[in-house]
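Asks: Starting off with a structure, shown below.
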Amino acid sequence: MLYYRPMYSVVVIPPKGKKYVVKAMSSRGEATNLVTSLTLTESKGQLAQRATIKMFNRYIDGRGYPSNLFPVKSRVFIYAKGAGVDKGKEVFRGYVWETNYTRSDSSELTLTCYDNLIYFMNSETLHYFSKGKKTKEIVSTILKKRGVKLKYNYSNITHPKLPLSGTLADILTSKVLDEAKKKMGTKYVIKSVKDVVHIDREGSNQTIYRIPRGENGLLIQYARSVTMDGMVTNVVVTGKTDEDGKTKVETRVPRNKKTYGTLTRIIHKDEDTKLSEIKKEAKYILDENSLPHKEYDITAMDIPWVRKGDKVLVQFDEKTLHGCIVNEITHNGDNNTMNMNVRRLKKLKKASDKKLTCPSKTLRSGSQGSAVKDLQKCLNQVMSSGLTVDGIFGSNTYKAVKSFQKKYKLVVDGIFGPKSIAKMKSALK
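Heads up: take any position in the sequence shown, counting from 1, add 390, and you land on our numbering.
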C-alpha cells in the first residue's frame, strides 16, 4: 500500500435545513474551517460506532451558529481519502445524539454522533420464535420489522423456541448470535455501513492491512498486557434441582487447572438440551478462556478503513507480521493516528494440515465422498457456513460455494473448480 496521510471531510444535515460542509478535504468556503477535533471510535461491548466532532461555534453562511443549526437527530456523514484510497470514501453515517456547548473566550460546540445501531442499544422489544428457526431468519425478521437492511455472512444454526425480550442489542447478541458462536466456535462482528447492518465472521475483511515497524513503517508504539482476569479452568455443568434445593452436577470439564489453579464457571443444562450440546459450550468457554488473556494497545499512522473485528497484520518484532483481530479502535482525524486494542490470532490451520485439507479436484452438485467433506469443513472455517459435514454436495453446500465465490469475486456458478480451489487455499493461509 502506498501510504499518504488521510484527510477527512464532515457534512452535517439538520432535520430541516441545508447541507453544511463543516470540514472539507480542500478549502471551500467559510464553513470548512469549523472543526477543531475529530475522532471515530468503536469500543468493546458497544454496537454503535461513535463520532466525536468539536468545532468553533462561529456564525456561518449567513444563517446562524452551529449550536442553533445542528440539533440532535441531525444527519452526519464523514468521508476520508488517503492511506491507499485516492477518492473520498464514506467512513461514517449516523446521527447527532448529543450536543454540548461551551462558552468561553472562544465558544465551542461538541457533537457526539452514533450510527444507526445506537437505536438497537436504546430500544426494547418483544419477539417470539418457535422451535426450529434458523439464526439468519430470526435476525432478518427482527431487523425487517425496524425497516433496517441486513447483510448476513455468519453461522446459521437451528434454535429452540425463543421468547425474547430486552434491548435489541442484547437480543441480537447474547440471546441469538452468541448461541451460534458457542455452537460453531466462530466469533462474529456487527457493523453498520451506510445504514446497512453487516453481521460477519471476525477477520473476514477482504483487504488486510499491514502495520509494519521501522523507519518507513506505520507502527509508532505498542504496549502488551497479560492478565488472568476472566480465565476459566473448570466448567461445571448443573442439571435439575430437587425438592431440598440440591442441584445435580451433570459433569465437570477441566483444562489447565494444574498450571493456573481452579477458576470455575457454572453453566446450567435444561431438560431440552442434550449433554453433548452443553459439553460443546463448555469446550468453547475453555477454548476462549483457559489461558491468560493477552492484548496489545497499538498507536499507528491512521488507516481510516480499519474497523472493529477486522484482521490486520502487525509487526511487533523485527521480522514477523502477526495476524491480529481489532477489539476496539479510535481514528484521530486531527493528528492522523489511530489507537487500537488487538489480540493475536491463533495460528489458522493450513490447507496442508491433516485436519483441514482443501480439495484438489473439481466438485459440483451431486458429488459425494471425503473430498466434499473437506470442502464443507473449509467452507465452515472460511465462511462460517454452518454446513453439516456429511460428504454430500447438496443444496446447502451449493449455496455456500456460491457465497464463497461471490465474496472472493469469482464466477458465481456453484462449481468448486480450479479458481475456487486456488482462492480457498489462499484464504486458509
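Each residue gets a CB set at the ideal place from its N, CA and C atoms; glycine is no exception.
Computed from a predicted model, the values in this text were never measured in an experiment.
1) How would you label ASN717, buried or exposed, when you count the other beta carbons within 10 angstroms and need 16 or more for buried?
2) Is there contact between the stretch 698 to 712 and the stretch 591 to 610, where contact requires at least three CB pairs shorter than 8 Å?
3) Can you find the residues in the same chain that come closer than 6 Å, C-beta to C-beta, to ARG754, ignoring five residues on each side of it along the sequence?
4) For LEU540, which of LYS736, GLY807, HIS588 has the nearest alpha-carbon?
5) For ILE656, is the classification buried or exposed, using 16 other Cβ atoms within 10 angstroms of its Cβ as the cut-off for buried?
6) Using DSSP's beta-bridge definition, name the partner residues of ASN543.
7) Which residue marks the beginning of the alpha helix (DSSP H) containing VAL791, and which one marks its end?
8) In angstroms with no decimal places, state the Cα-to-Cα distance between LYS739 and ASP803.
9) Residues in the same chain with beta-carbon distance under 7 Å from SER757, minus the five sequence neighbours each way, listed in chain order, please.
10) State the DSSP-derived secondary structure class of ILE598, mapped to helix, strand or coil.
11) Would DSSP call PRO808 helix, strand or coil?
12) Are PHE482 and ALA441 closer than 8 Å when you measure CB to CB?
13) Measuring only the C-alpha atoms, how far is VAL412 from ASN458?
14) Does CYS748 come out as helix, strand or coil in the three-state DSSP assignment?
15) Keeping to the same chain, check which residues put their C-beta closer than 6 Å to that of LEU507; ignore five residues upstream and five downstream.
16) Let's see if you can read the secondary structure: which residues bound the alpha helix (DSSP H) around GLU678?
17) By the three-class DSSP mapping on this structure, what secondary structure does GLU480 have?
18) What residue range does the alpha helix (DSSP H) around ASP634 cover?
19) Give the single residue among MET445, LYS565, CYS748, TYR485 whose Cα lies nearest to the Cα of ASP810.
20) Quick check on the DSSP output: the alpha helix (DSSP H) that includes GLU527 runs from which residue to which?
21) Apart from the five residues just before and just after LYS477, which ones in its own chain have a Cβ nearer than 8 Å to its Cβ?
22) In its own chain, which residues sit with a C-beta less than 8 Å from the C-beta of HIS549, not counting the 5 before and 5 after it?
23) If I'm right that LEU552 touches ILE532 with Cβ under 8 Å, what's the distance once you round it to whole angstroms?
24) On the CB-based measure, 16 or more other CB atoms within 10 Å of its CB, does ARG536 come out buried or exposed?
25) Is LYS740 helix, strand or coil by DSSP?
26) So the candidates are ILE547, ASN543, LYS572, ILE580; which of them puts its Cα closest to the Cα of LEU558?
27) Can you tell me where the alpha helix (DSSP H) holding VAL762 begins and where it ends?
28) Tell me whether the stretch 614 to 622 and the stretch 685 to 697 touch, counting them as touching only if at least three CB pairs, one residue from each stretch, are closer than 8 Å.
29) Less than 8 Å between the C-beta atoms of VAL639 and LEU676, yes or no?
30) Between which two residues does the alpha helix (DSSP H) harbouring ASP560 extend?
31) Measure from the alpha carbon of ASP707 to the alpha carbon of each residue in ASN543, GLN611, PRO404, then state which is nearest.
32) State the Cα-Cα distance for the pair SER780 and LYS572, rounded to the nearest angstrom.
33) Is it buried or exposed, LEU424, if we count other Cβ atoms within 10 angstroms and call 16 or more buried?
34) Can you list, in chain order, the residues of its chain whose CB lies under 6 Å from that of THR641, leaving out five sequence neighbours each side?
35) Going by C-alpha to C-alpha distance, which of GLY484, LYS659, LYS408, TYR394 sits closest to ARG453?
36) In this structure, how does DSSP classify LEU777 when only helix, strand and coil are distinguished?
Replies: Walking through what the data contain:
1) To locate residue 717, count along the sequence shown from 1; it is residue 327. When all chains shown are included, ASN717 counts as buried.
2) yes
3) Locating residue 754 in the sequence shown gives position 364, counting from the first residue. Taken in chain order, the residues that qualify are ILE805.
4) By 1-based counting over the sequence shown, the position of residue 540 is 150. Ranking LYS736, GLY807, HIS588 by Cα distance to LEU540 puts HIS588 first.
5) Within the sequence shown, the letter at position 266 stands for residue 656. It is exposed - the Cβ of ILE656 has fewer than 16 other Cβ atoms within 10 Å.
6) Here the question's residue 543 lines up with position 153 in the sequence shown. Note: ASN543 sits in a beta bridge opposite ASP590.
7) As a position in the sequence shown, residue 791 is number 401, starting the count at 1. Element bounds for VAL791: 785 to 797.
8) Start at 1 with the first residue of the sequence shown, and residue 739 comes out as number 349. Start at 1 with the first residue of the sequence shown, and residue 803 comes out as number 413. Only weak support exists for where LYS739 lies, its pLDDT of 42 falling under 50; the value from the coordinates is given anyway. Looking at the two C-alpha atoms, the distance is approximately 27 Å.
9) Your numbering for residue 757 matches position 367 in the sequence shown. Only PHE783 meet the Cβ criterion.
10) As a first step, residue 598 must be located in the sequence shown, where it is residue number 208. ILE598 falls in the coil class under three-state DSSP.
11) Locating residue 808 in the sequence shown gives position 418, counting from the first residue. Three-state DSSP puts PRO808 in a helix.
12) Numbered from 1 along the sequence shown, position 92 holds the residue referred to as residue 482. Numbered from 1 along the sequence shown, position 51 holds the residue referred to as residue 441. Yes, the Cβ-Cβ distance between PHE482 and ALA441 is below 8 Å.
13) Within the sequence shown, numbered from 1, the residue matching residue 412 stands at position 22. Within the sequence shown, numbered from 1, the residue matching residue 458 stands at position 68. Rounded to whole angstroms, VAL412 to ASN458 spans 14 Å at the Cα level.
14) Numbered from 1 along the sequence shown, position 358 holds the residue referred to as residue 748. In this structure, CYS748 counts as coil in the three-state DSSP scheme.
15) Sequence index remark: in the sequence shown, residue 507 carries index 117 (1-based). Within the same chain, LEU507 has close Cβ partners LEU437, ALA438, SER582.
16) Stepping through the sequence shown from its first residue, residue 678 is reached at position 288. 665 to 679 is the extent of the alpha helix (DSSP H) around GLU678.
17) On the sequence shown, residue 480 is found 90 positions in, with the first residue counted as 1. The answer is strand: DSSP assigns GLU480 an E or B state.
18) Within the sequence shown, residue 634 is the residue found at index 244, counting from 1. Neither: ASP634 is in no alpha helix (DSSP H) and is coded neither H nor E.
19) For the purposes of this step, residue 810 is identified with residue 420 of the sequence shown, where counting begins at 1. Looking at the sequence shown, residue 810 is not Asp but Ser. Comparing Cα positions, the closest option is CYS748.
20) For the purposes of this step, residue 527 is taken as the residue at position 137 of the sequence shown. GLU527 -> alpha helix (DSSP H) spans 525 to 535.
21) The residue given as residue 477 occupies position 87 in the sequence shown. Only LYS471 meet the Cβ criterion.
22) Sequence index remark: in the sequence shown, residue 549 carries index 159 (1-based). Once the five neighbours on either side are set aside, the close Cβ partners of HIS549 are PHE519, LYS521, GLY522, LYS523, LYS524, THR525, ILE528, VAL566, GLU569.
23) In the sequence shown, residue 552 corresponds to position 162, counting from 1. In the sequence shown, residue 532 corresponds to position 142, counting from 1. The pair is not a contact, with the Cβ atoms about 11 Å apart (cut-off 8 Å).
24) As a first step, residue 536 must be located in the sequence shown, where it is residue number 146. Classification of ARG536: exposed, given that the 10 Å Cβ count is below 16.
25) Position 350 of the sequence shown, counted from the first residue, corresponds to residue 740. Confidence is the limiting factor: at LYS740 the pLDDT is only 40, short of 50, which leaves the residue's position unreliable and the question unanswerable from this model.
26) Taking the first residue of the sequence shown as 1, we reach residue 558 at position 168. Among ILE547, ASN543, LYS572, ILE580, the Cα nearest to that of LEU558 belongs to ILE580.
27) Residue mapping note: residue 762 aligns to position 372 of the sequence shown, counting from 1. Here the alpha helix (DSSP H) through VAL762 covers 760 to 773.
28) yes
29) One-based indexing of the sequence shown puts residue 639 at position 249. One-based indexing of the sequence shown puts residue 676 at position 286. Not in contact: VAL639 and LEU676 (Cβ atoms no closer than 8 Å).
30) Residue mapping note: residue 560 aligns to position 170 of the sequence shown, counting from 1. It spans 558 to 562 - the alpha helix (DSSP H) in which ASP560 sits, taken as one unbroken run.
31) By one-based count along the sequence shown, residue 707 stands at place 317. Measuring from the Cα of ASP707, the nearest candidate turns out to be GLN611.
32) For the purposes of this step, residue 780 is taken as residue 390 along the sequence shown, with counting starting at 1. For the purposes of this step, residue 572 is taken as residue 182 along the sequence shown, with counting starting at 1. Contrary to the premise, residue 780 reads as Asp rather than Ser in this sequence. Roughly 21 Å between the two C-alpha positions.
33) The residue you call residue 424 lines up with position 34 of the sequence shown. The residue in question, LEU424, is buried, as its Cβ has 16 or more Cβ neighbours within 10 Å.
34) Counting from 1 along the sequence shown, the entry for residue 641 is found at position 251. So the qualifying residues of the chain are VAL627.
35) Position 63 of the sequence shown holds residue 453. Closest by alpha carbon: LYS408.
36) Position 387 of the sequence shown, counted from the first residue, corresponds to residue 777. The answer is coil: DSSP assigns LEU777 none of H, G, I, E or B.
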